[in-house]
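S.K.: To convert a position in the sequence shown, counted from 1, into this note's numbering, add 8.
Handing you a structure now.
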Amino acid sequence: MSEIVPRPRDPHPDAAPRTPPLPLLRSRAADPGVAQPPGEGVPLREYLAALRRHLWLVLAAVLVSTGIAAYRMSREPPRYAAASAVQLVNPRQALAGEIGTGRTDQLPGWYTDPILSQIQVLRSRAVAQRVVDSLGLRLMPAPGFPYGDLDSVRVTPAARTGDTVHLTFAPGMVRGRLGTVRAEAPYGAPLDLGAASLTFARRPEVASARMHVVDEQGAVMWVIGSMNPAQRPMTNVLDIQFIANDPHLAQRAANAAAAAFQGVSMRSAQTESRRRRMFVEEQLRTTDSLLLAALHQLSAFRKGVRSFSPRESFRTTEEGLTQFRLQRQALLTEKSIYDQMGRVLSTDPGREGSEQIAALAASPEVASNSGILALYNQLIRYQTARDSATTGRWSRAASNPDVQQLDSLISTYRGRLVRAVQARSDALSAQIGVLDQVMASDAASISGLPDAEAEEMRLSREVETLQKMVDDMRREQQEARIDEAVEAGQVEIVDWALVPGGPVGTGRRRRLLFALLVGLMIGGGGALVLDRLNTAIVRREDAEAMLHVPVIAVIPRLGEPLRATRRLDVRRLLPRRDRAPEQGLVTVSEMQSAGSQAYRKLRTHLIFSQGGQPPRTLMVTSASASEGKTTVCANLATTFAQQGLRVVLIDGDMRRPRLHGLFGQARSPGLSELLEGEAPVAEVVRETSVPGLHLVAAGRMVPNVSELLGGASMGRLIRQLNAEYDLVVVDTPPVLAAADAEILGAQADAVLVVVRAGKTERQSAHYAMQQLRAVGAQIVGAVLNDPDQKIAGYGKYAYYYDYYTETTG
9 MSEIVPRPRD PHPDAAPRTP PLPLLRSRAA DPGVAQPPGE GVPLREYLAA
59 LRRHLWLVLA AVLVSTGIAA YRMSREPPRY AAASAVQLVN PRQALAGEIG
109 TGRTDQLPGW YTDPILSQIQ VLRSRAVAQR VVDSLGLRLM PAPGFPYGDL
159 DSVRVTPAAR TGDTVHLTFA PGMVRGRLGT VRAEAPYGAP LDLGAASLTF
209 ARRPEVASAR MHVVDEQGAV MWVIGSMNPA QRPMTNVLDI QFIANDPHLA
259 QRAANAAAAA FQGVSMRSAQ TESRRRRMFV EEQLRTTDSL LLAALHQLSA
309 FRKGVRSFSP RESFRTTEEG LTQFRLQRQA LLTEKSIYDQ MGRVLSTDPG
359 REGSEQIAAL AASPEVASNS GILALYNQLI RYQTARDSAT TGRWSRAASN
409 PDVQQLDSLI STYRGRLVRA VQARSDALSA QIGVLDQVMA SDAASISGLP
459 DAEAEEMRLS REVETLQKMV DDMRREQQEA RIDEAVEAGQ VEIVDWALVP
509 GGPVGTGRRR RLLFALLVGL MIGGGGALVL DRLNTAIVRR EDAEAMLHVP
559 VIAVIPRLGE PLRATRRLDV RRLLPRRDRA PEQGLVTVSE MQSAGSQAYR
609 KLRTHLIFSQ GGQPPRTLMV TSASASEGKT TVCANLATTF AQQGLRVVLI
659 DGDMRRPRLH GLFGQARSPG LSELLEGEAP VAEVVRETSV PGLHLVAAGR
709 MVPNVSELLG GASMGRLIRQ LNAEYDLVVV DTPPVLAAAD AEILGAQADA
759 VLVVVRAGKT ERQSAHYAMQ QLRAVGAQIV GAVLNDPDQK IAGYGKYAYY
809 YDYYTETTG
């Protein structure tokens, strides 16, 4: 290219116009003042590149999460599952026949699922409490406890939570200690420790064991949490599965749960039958007294008046009146029940669950009204829930939001129930009024008959009516007694649980896979966060966005070719400890390397960006120290000299000079001696080993560096060197370290800013550019120096070096 770039010989270099700066290149992706176009965002390949750069973090997160999951699973004891089966039936009807069908346990309303309702009963604390009491589960066995050899356990309320039962199994004898109580007993006999009693059927294989006393409510909640009832499809059969750490404990708990469920169902049915019997007996006593009074009246009337031949019409009319009287009496009885129920609900709101209200609700009149019965049952549920929440060890205050919500629901359903009862009572009053009108009309029609005969017929019909009512109530009483005597509920045990043959699966693969996914999510998220928190300039777009100048060259690591930049190499993602500093004049020692070709590319950009002519004075600087500006400056000057230009390289960094060491020259005499007039130009400008390249070293350190560089002597020196050389290249201190770079930048035709990938901070580069522009420096571009191969993780930048890598390889 030497013939393309002629060597200029301008006799008046001072009059040469300054090269205009290149247009600023602004990146919309990083400029906060420019909105991104719709649909533009971070491409997927950048996310993948970020994960590749921080692959160590992703792998560490995966290893930690899966390791923790594997450790926890290895520490978990084996789990055993046993299942019993029950069937939900109505055996009371089969045992009592048609007589015992006066009342069923099915709740009214189409929205109620009886199977699901019974499952909730099975999971209730009442059933769990029975299981705890029957198996003595307040004594929880420690790991390795021989539960299969334990015959029975009994725990009294005196047992203190936190105590431990220590057991020792000797030949023919078991010894135990609970607190200060010690005892021993032969196998098969109870071991009485005061607050607890244990019976071992045989000598276990272990020499000793322990059991811990737990809180009663904690044992109840453990039973509820370990029990998993499930309905078999399309049947009324429930499987009661129980999971425990011991196979014998799982079997016994599953069987105890089935037996407890059956007992609770039986007790509930008997309680309901007893309430119904009590109500019928109370009504029977009242009706019996009315019947007795009516018989006395009839007997007294017949003694005073002997009239026994009523006419046929009188009999017919009176029979109709009798039917009306029966209806009226039934309506009065029903109305009295609803009135009594309404009075109790209105005057004493806290008696919804009393025996009197329960008996009234169990009466046939109320039971036949599904709407009122449903409201009453719902009110009882909410009242029971409130009692459970405000009593017991974990009772809640009345100000608790859950208790207040239950109070609100109780008040709402109480009001609904009172209104429904009142509405039913009003309806019955209206029916009674209609019957009264009809009966008055019939009575008027037979008023012409003899009063004595009419009175006798009235008293006779009244006795017949009351007698029929008494007979019906006696039949109801008998049915209630039979129902109460039937010892059966809605639960029938189908299968007892067997001892499980082995532990159940705990989903180890699924849990490990979940831990792997969690690790990938944490590691991937951390990698993206670390990548976004990195404030250093790495990519070409980052540099152009912050500096607002084009990046005209990317300098790779010197001294070694870039290999396989498009492939994922895990070694690039790990921290390197063998990174060497800048390896000097790569444009001389390794002319075919990727670094040497990058410097030639930079030279070509500088030449053609100036209309085919290189700048007369080129200053190379950086924002901070250790960014490679001296190496870039020396190699760039070498490539211009290799092009055939006469180049002089000035080391303007008097505080930390390095150019004299790169070229093997002495530091003094140099620029400082020249500017102070202690040495002539001919003595300071030295030839180097590169043909056409001369060097002006920094010279000795002086205290007034900025004053020397900003003086007239420096301007005269640059003009003199411009007259004698084709290009003057000046290496300056970092912009943010001293004012030297700003002083020299104002005198140079072009300024080249070096940015080190992965090290130069965005804000530092931004401030440096602001300072250079403030003094009018002509910034022609930036160089992205990558001695640490930071951009190797960005696959799309590999095209800068692939061609030269293949050539040198």
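Note that the Cβ used here is the ideal one computed from N, Cα and C, for glycine as well.
Cα separation between G723 and L717?
M.R.: Roughly 8 angstroms between the two C-alpha positions.
S.K.: Using CA coordinates, which residue listed in R389, K343, G152, D480 is at the minimum distance from L368?
M.R.: Closest option to L368, Cα to Cα, is K343.
S.K.: Which residue marks the beginning of the alpha helix (DSSP H) containing I563, and which one marks its end?
M.R.: Taken as a continuous stretch (DSSP letters only), I563 belongs to no alpha helix (DSSP H), being part of the beta strand (DSSP E) at 559-563.
S.K.: For the segment 490-534, list the beta strand (DSSP E) runs that are entirely contained and at least 3 residues long, ordered along the chain.
M.R.: Fully enclosed beta strand (DSSP E) runs of 3 or longer: 499-503.
S.K.: Between A262 and Q270, is the Cβ-Cβ spacing less than 8 angstroms?
M.R.: It is not a contact, given that the beta carbons lie outside the stated cut-off.
S.K.: For the alpha helix (DSSP H) containing H62, name the first residue and the last one.
M.R.: It is not in any alpha helix (DSSP H) - H62 carries neither H nor E in the DSSP assignment.
S.K.: Let me know the secondary structure DSSP gives D444 once reduced to three states.
M.R.: Helix.
S.K.: Among the candidates Y384, L383, Q413, A382, whose CA atom is the shortest distance from the CA of A397?
M.R.: It is Q413 whose Cα lies nearest to the Cα of A397.
S.K.: Should M477 be labelled buried (16 or more other beta-carbon atoms within 10 Å of its own) or exposed?
M.R.: Under this definition M477 is a buried residue.
S.K.: Take L387 and list the residues in its own chain whose beta-carbon comes closer than 7 angstroms to its own, dropping the five residues that flank it on each side.
M.R.: Counting only Cβ-Cβ distances below 7 angstroms, and skipping sequence neighbours, we find E360, I418, Y421, R422, L425.
S.K.: Using a Cβ-Cβ cut-off of 6 angstroms (strictly less than) and excluding sequence neighbours within five positions of G729, which residues of its own chain qualify?
M.R.: Before going on, a small fix: residue 729 reads as Leu here, not Gly. So the qualifying residues of the chain are V656, V736.
S.K.: With DSSP as the reference, label A790 as helix, strand or coil.
M.R.: Three-state result, A790: strand.
S.K.: Would you report the Cα separation of A238 and D121, rounded to the nearest angstrom?
M.R.: Roughly 14 angstroms separates the two Cα atoms.
S.K.: With a CB to CB cut of under 6 angstroms and the five nearest residues on each side skipped, what residues in its chain are close to R185?
M.R.: H174.
S.K.: Based on Cα-Cα distance, which residue from P677, A438, D739 lies nearest to A756?
M.R.: Checking every option, the nearest Cα to that of A756 belongs to D739.
S.K.: Note down the Cα distance separating Q278 from P165, rounded to an integer number of angstroms.
M.R.: Their Cα atoms are separated by approximately 28 angstroms.
S.K.: Do V640 and L679 have their C-beta atoms within less than 8 angstroms of each other?
M.R.: No, Cβ-Cβ distance for V640 and L679 is not below 8 angstroms.
S.K.: Under a Cβ-count criterion, where at least 16 other Cβ atoms within 10 Å of its own Cβ denotes burial, should K637 be classed as buried or exposed?
M.R.: The residue in question, K637, is buried, as its Cβ has 16 or more Cβ neighbours within 10 Å.
S.K.: Have a look at L682 and A633 and give me their C-alpha separation to the nearest angstrom.
M.R.: Using only the alpha carbons, I get a separation of about 26 angstroms.
S.K.: Quick one: what's got a C-beta closer than 6 angstroms to I658's C-beta in the same chain, skipping five residues either side?
M.R.: Closer than 6 angstroms at Cβ, skipping near neighbours: V704, V738.
S.K.: Looking at the secondary structure, which residues open and close the alpha helix (DSSP H) in which H668 lies?
M.R.: Element bounds for H668: 667-670.
S.K.: Say the cut is 7 angstroms; is the CB of T74 nearer than that to a heavy atom of the ligand MN?
M.R.: Looking at this structure, you won't find the ligand MN or any other ligand, since it has none at all.
S.K.: Secondary structure at T399, three-state DSSP: helix, strand or coil?
M.R.: Of the three classes helix, strand and coil, the one that applies to T399 here is coil, per DSSP.
S.K.: For R283, count neighbouring C-beta atoms within 10 Å of its own C-beta (all shown protein chains included) and say buried if the count is 16 or more, exposed if not.
M.R.: Buried.
S.K.: Identify every run of the alpha helix (DSSP H) within the segment 699-766, keeping only runs that are complete inside it and at least 4 residues long; order them along the chain.
M.R.: The qualifying runs are 713-718, 720-732, 748-755.
S.K.: Determine the DSSP secondary structure at V129, reduced to helix, strand or coil.
M.R.: Here V129 sits in helix by DSSP.
S.K.: Comparing alpha-carbon positions, which option in Q600, G672, D296 lies nearest E472?
M.R.: Out of Q600, G672, D296, D296 has the C-alpha closest to the C-alpha of E472.
S.K.: Starting from the C-beta of R133, find all residues in its chain whose C-beta is less than 6 angstroms away, skip the five residues before and the five after it, and write them out in chain order.
M.R.: Correct list, in chain order: V228.
S.K.: Taking the straight line between their C-alpha atoms, what separation do you get for T625 and A69?
M.R.: Computed Cα separation, rounded: 53 angstroms.
S.K.: How about G789 and L760: do their beta carbons lie closer than 8 angstroms?
M.R.: Result yes, Cβ atoms of G789 and L760 sit closer than 8 angstroms.
S.K.: I'd like the list of long-range same chain contacts for W118, defined as Cβ closer than 7 angstroms, with 5 residues on each side in sequence excluded.
M.R.: Legend: pLDDT at W118 = 48, less than 50; position of this residue unreliable, value from coordinates given subsequently. No residues qualify anywhere along the chain.
S.K.: Assign Q128 to one of two classes, buried (16 or more other C-beta atoms within 10 Å of its C-beta) or exposed (fewer than that).
M.R.: Label assigned to Q128: exposed.
S.K.: My assumption, with CB atoms under 8 angstroms, is that A150 sits in contact with A215. Please give the rounded CB distance.
M.R.: Incorrect: roughly 14 angstroms between the Cβ atoms, too far for contact.
S.K.: Count the other CB atoms within 10 Å of the CB of A822; is the residue buried (16 or more) or exposed (fewer)?
M.R.: This structure cannot speak to residue 822, because the chain is shown only from 9 to 817.
S.K.: Would you report the Cα separation of S772 and L541, rounded to the nearest angstrom?
M.R.: Roughly 16 angstroms separates the two Cα atoms.
S.K.: Could you check if Q778 is buried or exposed, using at least 16 other CB atoms within 10 Å of its CB as the buried criterion?
M.R.: Q778 should be labelled exposed.
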